[in-house]
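These notes concern the structure reproduced below.
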Amino acid sequence: MAFVSLIFSAQKLKKLQQALEEEKLDAIKANEDKTFKKKFKFRHIGFDIKEALKNGFRRAFKCSEGSPGYQTCYKLGHEGSCENFVLKSALGFVGGIFLTYFLYVIFIFQLNIRLTSATVICSLFGCVLTVGLAFSSKVRCIVLLTLPQFFSKRGRQALLAYAFVLALTGPAQNTLNNLGILSESLACGQEQLKQAVKQIIDVIKKPFMTIKEAIKKVVKTVKEVVKKIKEILLKIKRIVMAIVRVIKSVFEFLGKILNICNKELGTPFERCSRVFENAIADCNAKLGPLFNWLCSLAYIVKAVCYIVKVFDYVCMIVDFISNSVVGVIIRKIKIFVRHIKTMFYVRIKFAHSFEYKTISSKSLKDIAKEIVAEIKDRSRGIVAFFNFMTSASMLFLMYLVFQVAYYRFKYLTSERYDNIYINQYFREIDQRRAKSGKETVLPLTKKEKLTYVPINSGALAKTERRSLSKNATKLATASVKLGTHMAADYILFWVLTLISHHARYQSKIQAPNLPVAHITGEGFIAKLLRSIVNAFQPVGIKLEIDTVPCLPIPIPPDFDRYVQIGITIAICWILTILEPYGLRFRNYIMGYYHPLRAKQRTIWLYNHLLRSRTSFLLLTRRKLRKRFGMKGGSGETSCKDLLRSKLKCGIFKICLGSDLQLACLLCGDVFHEAEKEKFVKCSTPQCPGLFCVECFADLSNICPICLSPLEYGDIDDADEEK
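The opening position of the sequence shown corresponds to residue 1 in the UniProt record's numbering, with each subsequent residue numbered one higher.
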């Protein structure tokens, strides 16, 4: 990297050398040839504009020394004259009025302070500013120091505090308002969702209720059918039982008659047998014993009586029919009737449980209102803090004025405070010492240039660079925070607007065409089937939820406030980048109002550099002699040298550098063969002394390593060596 930097530096120096040669040639040609015209070059534009303005002012305000206008201008510009005092007083009074009006506008339109409070505060400020700027040089100094103070950390903090006040009273508060609108919209949506859920529950319950009613109708119809069938069967049963009872009664009547006949006359077989026996007895009596064998023929004819023997079983048949046949018929009829009754017996139990409980003592609207009220109650402290910060922003202005007064006090009492700039008086002192042959300070060494810089130079001191990097980091963090506030406000507004825009468009979905079964007929079966079909018919639902009343209508962001915050952040960045140069104006202002003190500080700085340089050279000589001159070797080993000796890896050699690398023993500049003329090697053989030209000049062109302290006048070092 050092080699690349040297290449760029060489190219830059080469371009400057070429430009210088071109300017010299153009000057020579213009001097020799009056008609020579210079070529247009961009680097001439700034110089030409400056010369044109200077000549224009000279022509516009040109007047002779004896004229009244010249005398008036001289008196106005001469410090201590009456005209100069009146001019300063008038300008100070007008400036005080302008600053008062500016503060009044800031308080009213930016900080949103009440009109009465702003009027009272600005009246007090106006009295101090107008009178102080008109008649007091101290007030003028403090007011003028306030302007560069905005470049300081405190001034930037005041601007950042103002930006945060704008963010808290603008985007942050608008974010809270939009969050309240969002919570109200969610509460309204929950209320509509509750109504929709209730309708859906009713629709879910409707099929069950329909099925229940249909089953009740089916059961009722079945009961009616069973009742009618039962009535018919009962009628049939009564008829059959009546017939059976008649048959039984007839058989019983016949049996009773036969029993009576048999008891009185006997059975037909007995009566027939009795007739033949009487005939045989009579025949035996009439024929006598001789011809009674003829009566035996009657026994053959008696067999005819067996024909009516069957009628002896008529009573038994009647009893059998009465007891067995009729009883079985009655029993079978009862079994048949019981079977029919069992077949048509239906018992249906319908059990359904659906539990949905909503226990709430308040409606959702009341709950939403309470939520919004609780959010406002919890954010009341933040809003009050925002309002307090609006009023407390004046304290930052007061603190800024206090910092200005503190800077003025330190400038007047301390020589070290903010005394790192080389001004014109410093150069004049150095020129006078150079003419007198005394030791001078200019040009500064490389280390001194890191700490002390010319006041009108673009170079930055070490403290200025450190402060710039630190302040840039802090400002970047603050910028991210402010950007987060604005981004959160706009994103929330954008999301709510997007929801409100797209939720307004509602599409109605038509229900699908459902098939319906129609059953015609007026009979029992038709009614039964119709009830069953209607029970299982799909139920259509038409659920419409109008979400338009619940859509959030967000509060739009204040883009003017965004612009104000952005401009404030941009100003803070500009002030941060220009902070080192802006703060240097404080030295100009203090030097104008306190010229004697400015000269005292410059003299102290000059003497401080002389003392520091002398002490530094003395300590450096002793250190070099201690390290290289005493006892013929190095008395110290640096950490870098120790690492080089221990770590032999190539990567560490690249990082730590070669151990044979030569450098200036004072400032450490690396020696390169291409820049031999910039380094001086001690002419004493085997002396390690190697110095750059500047360091060798600071050592008065002597090598403190090989020379004795007595030779260059360091008596104390010589005593220590003895």
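We put the beta carbon where it would ideally sit given N, CA and C, even for glycine.
- Of the candidates Glu83, Pro443 and Lys198, Pro443 places its Cα closest to the Cα of Cys695.
- One Cα belongs to Phe150, the other to Val143, and the distance between them is close to 12 angstroms.
- The Cβ atoms of Val404 and Thr146 sit closer than 8 angstroms to each other.
- Ile422 carries a strand assignment under DSSP once its states are collapsed to helix, strand and coil.
- Between the region 484 to 498 and the region 160 to 173 there are three or more inter-stretch CB-CB distances shorter than 8 angstroms, so the stretches are counted as touching.
- Between the region 586 to 594 and the region 216 to 233 there are fewer than three C-beta pairs closer than 8 angstroms, too few to call the two in contact.
- Within its own chain, the residues whose Cβ lies closer than 7 angstroms to the Cβ of Thr451, once the five positions on either side in sequence are excluded, are Ile420, Ala461 and Lys462, listed in chain order.
- Between Thr473 and Ala163, the alpha-carbon positions lie close to 17 angstroms from each other.
- Bridge partners of Val453 according to DSSP: Tyr421.
- For the set Pro595, Pro549 and Thr100, the Cα lying nearest the Cα of Gln190 is the one of Pro549.
- A straight-line Cα-Cα distance of about 10 angstroms links Cys127 and Ile121.
- For Ala242, the three-state secondary structure derived from DSSP is helix.
- Residue burial annotation: Asn471 is buried, with at least 16 other C-beta atoms found within 10 angstroms of its C-beta.
- Taking a cut-off of 8 angstroms for Cβ pairs, the region 551 to 566 and the region 496 to 506 touch, as three or more such pairs fall below it.
- Inclusion of Pro454 and Ile422 in the CB contact set at 8 angstroms is warranted, their separation being smaller than that value.
- When the beta-carbon positions are compared, Cys141 and Tyr593 come within less than 8 angstroms of each other.
- Leaving aside the five residues that flank Ser500 on each side, the residues in its chain whose CB is nearer than 8 angstroms to its CB run, in chain order, Leu551, Pro552, Ile553 and Pro554.
- Taking C-alpha positions only, Lys410 is separated from Arg432 by approximately 29 angstroms.
- The beta carbon of Asn178 is closer than 7 angstroms to those of Leu492, Phe493, Leu496, Pro554 and Ile555 in its chain, skipping five residues each way along the sequence.
- By the neighbour-count criterion, in which a residue is buried when 16 or more other Cβ atoms sit within 10 angstroms of its Cβ, Glu21 is exposed.
- Across the structure, Ser414 and Ile106 are spaced so that their CA atoms are roughly 36 angstroms apart.
- Here Glu579 is buried. Its C-beta has 16 or more other C-beta atoms within 10 Å.
- Contact check for Ser479 and Ile569: beta-carbon distance about 5 angstroms, within the 8 angstroms limit, so the pair qualifies.
- If you compare the alpha carbons of Phe426, Lys220 and Lys228 with that of Ala598, the shortest gap goes to Phe426.
- Assignment of Glu415 by DSSP, reduced to helix, strand and coil, places it in the coil class.
- Distance check between Ile567 and each of Leu25, Leu159, Ser137 and Phe85 places Leu159 closest, using alpha-carbon atoms only.
- For Lys481, the enclosing alpha helix (DSSP H) starts and ends at Lys462 to His502.
- Cβ atoms of Ile333 and Lys237 come within 8 angstroms of each other, at about 6 angstroms.
- Cys682 is a Cβ neighbour of Cys703, given a cutoff of 8 angstroms.
- Within the model, the alpha-carbon separation for Leu13 versus Val680 is close to 22 angstroms.
- By alpha-carbon distance to Lys153, the top candidate from Arg611, Trp573, Ile603 and Asn607 is Trp573.
- Rounded to the nearest whole angstrom, the C-alpha separation of Lys194 and Ala187 is 11 angstroms.
- Under a 10 Å Cβ-count criterion, Thr477 is classified as exposed, with fewer than 16 other Cβ atoms of the shown protein chains found around its own Cβ.
- DSSP, read as helix, strand or coil, puts Val441 in coil.
- According to the DSSP assignment, Arg114 belongs to no alpha helix (DSSP H), since it is labelled neither H nor E.
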